[in-house]
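Residue numbers (the working numbering): 72 to 383. Glycine residues also receive a C-beta, built at the ideal position from the N, C-alpha and C atoms. All values derive from a computational prediction rather than experimental measurement. Heads up: the structure comes next, in structure tokens.
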């Protein structure tokens with residue numbers, strides 16, 4: 072493979088917007104939209120932790136962007152562009168980087184973003200990647216975790232737990248004859264573009280597990296979340312695997328769906344904003360010292376062995 076600069080010129084410079092100055096200067100020059108608040112988020116993906124060695128590089132690239140896009144969606148922000156850093160070990164050949172760049176290009180087109188700049192380096196053994204996404208939101212319209220109110224309803228978009236089960240399928244521990252669960256693990260769908268300001272009080276995306284991420288809203292809002300486990304929506308493929316995977320679906324994360332906390336009576340407004348994207352009510356917020364209480368349809372507590380992904 073060529074040196075750092077030839078590699079940037081060949082694979083990354085074509086992805087750059089005008090802000091990136093052809094990736095030939097020390098930094099980008101960016102003029103934000105007039106009157107907008109900028110929203111920044113950064114996320115990383117490490118080989119062996121966030122993706123499996125041998126995963127398709129185009130899908131690794133797209134998931135890297137989509138994890139960050141999901142954070143912007145949770146804030147109600149629209150994406151503008153991103154910074155990228157890569158640390159690649161010896162042995163990564165031209166075909167890997169070409170496919171990685173193709174994946175970036177595909178999602179740049181899909182989500183209307185451009186590369187602004189970044190950094191490239193080498194690593195001793197594993198691949199290390201990070202992206203910093205830049206978005207914007209109208210002043211005062213950013214969604215926060217701390218806005219939930221007593222009596223608010225708790226909603227989730229899409230279906231929950233597919234990615235966790237898809238990872239197990241990729242590891243060979245459960246069947247996935249249709250490949251649907253595996254695809255959900257490899258390529259999440261960030262819920263960008265939902266006009267949620269004025270409809271929801273609080274929001275977060277599900278990266279570390281439904282229970283853990285809902286707990287972040289509860290703690291930030293000084294409330295307790297009460298959910299009914301059987302109301303948490305499952306895809307047809309996940310439901311076919313049975314109730315023994317309920318805890319995995321609730322706690323293992325990587326869904327990149329949204330948890331939305333909204334005042335009662337907003338079901339029609341939420342449904343209208345979400346359009347063809349399903350949105351499901353799973354519980355309510357109340358006074359208490361929670362953070363999350365999970366019950367079954369009979370009202371019995373569901374005892375969970377763990378509550379979500381922990382990095383440390």
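Out of the options, point me to the one whose CA is closest to residue i's CA.
i: residue 239; options: 255, 222 and 330; result: 255
i: residue 241; options: 126, 101 and 180; result: 126
i: residue 108; options: 86, 143 and 82; result: 143
i: residue 270; options: 220, 96, 130 and 131; result: 220
i: residue 119; options: 323, 343, 197 and 251; result: 197
i: residue 98; options: 330, 128, 88 and 341; result: 88
i: residue 319; options: 367, 374, 232 and 369; result: 232
i: residue 328; options: 278, 101 and 211; result: 278
i: residue 100; options: 156, 166, 176 and 185; result: 185
i: residue 106; options: 372, 78, 161 and 210; result: 210
i: residue 235; options: 312, 369, 330 and 296; result: 312
i: residue 369; options: 301, 335, 336 and 316; result: 301
i: residue 95; options: 252, 134 and 80; result: 80
Considering residue i, what are the terminal residues of the alpha helix (DSSP H) in which it resides?
i: residue 251; result: 251 to 257
i: residue 190; result: Where residue 190 is concerned, there is no enclosing alpha helix (DSSP H), although the beta strand (DSSP E) it sits in stretches over 185 to 193.
i: residue 77; result: 75 to 78
Can the beta-carbon of residue i be found less than 8 Å from the beta-carbon of residue j?
i: residue 183; j: residue 150; result: yes
i: residue 332; j: residue 272; result: yes
i: residue 358; j: residue 294; result: yes
i: residue 276; j: residue 145; result: yes
i: residue 187; j: residue 91; result: yes
i: residue 282; j: residue 364; result: no
i: residue 265; j: residue 344; result: yes
i: residue 194; j: residue 159; result: yes
i: residue 147; j: residue 213; result: yes
i: residue 206; j: residue 110; result: yes
i: residue 353; j: residue 263; result: no
i: residue 261; j: residue 166; result: no
i: residue 130; j: residue 258; result: yes
Note the first and the last residue of the continuous beta strand (DSSP E) segment covering residue i.
i: residue 291; result: That residue, residue 291, is in no beta strand (DSSP E); its alpha helix (DSSP H) goes 281 to 292.
i: residue 366; result: 363 to 366
i: residue 297; result: 295 to 299
i: residue 275; result: 273 to 276
Whole alpha helix (DSSP H) elements within the stretch 310 to 358, 4-residue minimum: 317 to 322 and 338 to 345
Please list the segments of the beta strand (DSSP E) lying wholly inside the stretch 87 to 166, counting only runs of 3 or more residues, in order along the chain. 108 to 117 and 149 to 159
Does the contact criterion of 3 or more C-beta pairs under 8 Å hold for the stretch 314 to 330 versus the stretch 246 to 254? They do not touch, by the three-pair rule.
Give, in chain order, every unbroken run of the beta strand (DSSP E) that is at least 3 residues long and sits entirely within the stretch 191 to 250. 199 to 208 and 224 to 228
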